[in-house]
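In our numbering, the protein residues as written are 1146 to 1344. Structure record follows, encoded as structure tokens.
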């Protein structure tokens, strides 16, 4: 048998025997905002359970004051808004995250009942206000979760490194001890030489 006839037959045979390749998972969207504040302290980090029903922490707890706004971290649709075990819960299915889609959850949130299932939310849009402490944290906190179907993921993975590690902006003081490369720091004031002349 000629080789050019054998190769297509061999490829067809392998295609029926080998399992199909799984599609790569959809990329995580990049969150543009924190759900509360600007880089709030993490009271308790994500700690996935060893088994589906085992102990663990299926999200992160972020310190925030009661009554403060809770924002959607990425665009999507409201999948659930209501009360669960006495707490207000909002769940958002994120756009463009595959099938099944990623879902973020926020609790305890006041005003969740006013949201309608299927309503669109933009990144940074307020989905409610933080309820008073419920005993989940030592003080007031937001529990922020992320999952795909039944698999819980670290919600901090949605944040870009720049957003996770960016600190507050700092302005340097203008004074004569700063090296200016021969430029004046103040209008009308001559530049001072650097390094200063010996005395």
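Every residue gets a Cβ at the ideal spot worked out from N, C-alpha and C, and that includes glycine.
message = Can you tell me whether residue 1309 is helix, strand or coil according to DSSP?
response = Counting from one through the chain shown, the residue named residue 1309 turns up at place 164. It is helical.
request  = Following the continuous beta strand (DSSP E) through residue 1264, name the residue where it begins and the one where it ends.
outcome  = The sequence position of residue 1264 within the chain shown is 119, counting from 1. Looking at the DSSP string, residue 1264 is not in any beta strand (DSSP E), and its letter there is neither H nor E.
inquiry  = Does residue 1300 come out as helix, strand or coil in the three-state DSSP assignment?
reply    = For the purposes of this step, residue 1300 is taken as residue 155 along the chain shown, with counting starting at 1. Looking at residue 1300 - three-state DSSP - the assignment turns out to be helix.
inquiry  = Please state whether the Cβ-Cβ distance between residue 1275 and residue 1190 is less than 8 Å.
reply    = As a working mapping, residue 1275 is identified with position 130 in the chain shown. As a working mapping, residue 1190 is identified with position 45 in the chain shown. No, the pair does not count as a contact, with Cβ atoms beyond the cut-off.
query = Less than 8 Å separating the beta-carbons of residue 1234 and residue 1205?
reply = Residue numbering aside, residue 1234 sits at position 89 when the chain shown is read from its first letter. Residue numbering aside, residue 1205 sits at position 60 when the chain shown is read from its first letter. Not closer than 8 Å, so no.
ask   = Ordered along the chain, which non-local residues of its own chain (more than five positions away) have a Cβ less than 6 Å from that of residue 1304?
value = The sequence position of residue 1304 within the chain shown is 159, counting from 1. Answer for residue 1304: 1176, listed in chain order.
inquiry  = Let me check understanding here. Comparing Cα to Cα, which of 1268, 1288 and 1183 lies closest to residue 1203?
reply    = As a position in the chain shown, residue 1203 is number 58, starting the count at 1. Selected option, being the one with the closest Cα: 1288.
request  = Could you spell out where the beta strand (DSSP E) holding residue 1224 opens and where it closes?
outcome  = Against the chain shown, residue 1224 aligns to sequence position 79. 1221 to 1229 is the extent of the beta strand (DSSP E) around residue 1224.
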